[in-house]
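A.B. asks: Attaching a single structure in structure tokens format; questions to follow.
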Amino acid sequence: MWGDRLDISFLVEQCILLLVAFVANVLSSLAGGGAGLLQLPALIFLGLPFAVALTTHKIASVALGLGASIQHGKTGHIHWGFAIFILAAGLPGVVLGAYWVLAIPELIAQVLLGVLTLALGVYSIMKPALGVTAIACHRNGLGLVIGGSVLFLIGVLNGSLTSGTGLFVTLWLIRWFGFDYKHALAYTMILVGFFWNGAGALTLVWVQTPQWSWLPVLLLGSLLGGYFGAYWAIAKGNHFIKRIFEGLTIVVGVSLLVEAWIY
């Protein structure tokens, strides 16, 4: 009798994790980030300490990048020379940030992330033409130096903050390098979703053990969410992605600030 109850409880828990991972990563794949808005708080709500939840979430988020990469890789939207530049600029920051994360007061990190994320959405709304059409710029000399420096700083945020920094990369690729939303999203999902998150996850595992028993279902939900989110993003186009990006950044930013205010 008790064994049956435990089995049912475990099955319900796994179904909840799968649903949360799928929904969170569909939205993230559509907007270019933000999976942690639902996934990380859910892991904490289900009983994990913050450090364990963060490491578990980071590992699971790698599957988001893999699922999205399958779709975006078919489109030919990726110029691999520029992709290597993004990796070289951002990965050192990711590793550095991941070493810092557990030393940063959670409340400070949450408020900072909320303010910055909210600002992204407001900025995009105020620029109706932003990201609708690609206009290449700042892709040589000083432009690459400045662009790479900002990517390094975003990498530090990616490693040290809990959610949504892929949104920063998406908007920076649009604002500085002149990508449209669809092409910027492809770079973000492949490079941030898979490589940056992978580097951050490996670094965190060195200092904090994840909840291994939850990872299989979280990885499955993230993989499927990334795949189908990327499919819908490619099919719908720039205006649709822009609206999803703006909506998600506003919701993420406000939610983080409200939660910080309450607690």
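Okay, so the sequence shown: first residue is 494 according to this note's numbering, each after it adds one.
Idealized CB from N, CA, C, for every residue including glycine.
Three or more C-beta pairs under 8 Å: does that hold for the segment 551-559 against the segment 699-719?
C.D. replies: Yes, since at least three Cβ pairs between the segment 551-559 and the segment 699-719 fall closer than 8 Å, the two stretches touch.
A.B. asks: With a threshold of 16 other CB atoms inside 10 Å of the CB of S502, please say whether the residue is buried or exposed.
C.D. replies: Residue mapping note: residue 502 aligns to position 9 of the sequence shown, counting from 1. Exposed, because fewer than 16 other Cβ atoms sit within 10 Å of the Cβ of S502.
A.B. asks: DSSP on A622, reduced to helix/strand/coil?
C.D. replies: Sequence index remark: in the sequence shown, residue 622 carries index 129 (1-based). A622 falls in the coil class under three-state DSSP.
A.B. asks: Report the rounded CA-to-CA distance for L623 versus V662, giving the unit in angstroms.
C.D. replies: What you label residue 623 is simply residue 130 of the sequence shown in a count that begins at 1. What you label residue 662 is simply residue 169 of the sequence shown in a count that begins at 1. C-alpha separation (whole angstroms): 14 Å.
A.B. asks: Let me know the beta strand (DSSP E) ranges lying completely inside the segment 625-683, each 3 residues or longer, listed in chain order.
C.D. replies: Runs of the beta strand (DSSP E) inside the segment 625-683: none found.
A.B. asks: Based on Cα-Cα distance, which residue from H565, I537, G590 lies nearest to G722?
C.D. replies: As a first step, residue 722 is located in the sequence shown; it is residue number 229 there, counting from the start. The candidate whose alpha carbon is nearest that of G722 is H565.
A.B. asks: Drop a sphere of 10 angstroms on the beta-carbon of W495, count the other beta-carbons inside from all chains shown, and report buried for 16 or more, exposed for fewer.
C.D. replies: Counting from 1 along the sequence shown, the entry for residue 495 is found at position 2. Residue placement at W495 is flagged as unreliable, the pLDDT there being 45, under the threshold of 50; a coordinate-derived value is accordingly withheld.
A.B. asks: Report the start-end ranges of each alpha helix (DSSP H) in the segment 513-549 that is 4 residues or longer and not cut off at the edges.
C.D. replies: Here the runs fully enclosed are 529-538.
A.B. asks: Alpha carbon to alpha carbon, what distance is there between A517 and F672?
C.D. replies: Residue numbering aside, residue 672 sits at position 179 when the sequence shown is read from its first letter. Residue numbering aside, residue 517 sits at position 24 when the sequence shown is read from its first letter. Roughly 25 Å separates the two Cα atoms.
A.B. asks: Any idea if W573 is buried or exposed, counting beta-carbon neighbours within 10 angstroms, 16 or more meaning buried?
C.D. replies: As a working note, residue 573 is residue 80 in the sequence shown. So W573 ends up on the exposed side.
A.B. asks: Below 8 Å CB to CB, which residues in the same chain sit around A840 once its five sequence neighbours on both sides are set aside?
C.D. replies: The displayed coordinates of the chain run from 494 to 756. Any statement about residue 840 would go beyond what the structure contains.
A.B. asks: Consult DSSP for W495 and reduce its assignment to one of helix, strand or coil.
C.D. replies: Taking the first residue of the sequence shown as 1, we reach residue 495 at position 2. A caution first: W495 carries a pLDDT of 45, below 50, which makes its placement in the model too unreliable to give a value.
A.B. asks: With H, G and I counted as helix, E and B as strand and the rest as coil, what does DSSP make of P585?
C.D. replies: Position 92 of the sequence shown, counted from the start, is the residue given in the question as residue 585. P585: helix per DSSP, three-state reduction.
A.B. asks: Out of Y616, A581, H631, point me to the one whose CA is closest to W805's CA.
C.D. replies: Because the chain spans 494 through 756 in this model, residue 805 falls outside it and cannot be assessed.
A.B. asks: Take the Cβ of P542 as the centre, count every other Cβ of all protein chains shown within 10 Å, and call the residue buried at 16 or more, exposed below.
C.D. replies: Position 49 of the sequence shown, counted from the start, is the residue given in the question as residue 542. Exposed, by the Cβ-count rule.
A.B. asks: Have a look at L611 and L644 and give me their C-alpha separation to the nearest angstrom.
C.D. replies: Against the sequence shown, residue 611 aligns to sequence position 118. Against the sequence shown, residue 644 aligns to sequence position 151. Going by the C-alpha atoms only, they are around 19 Å apart.
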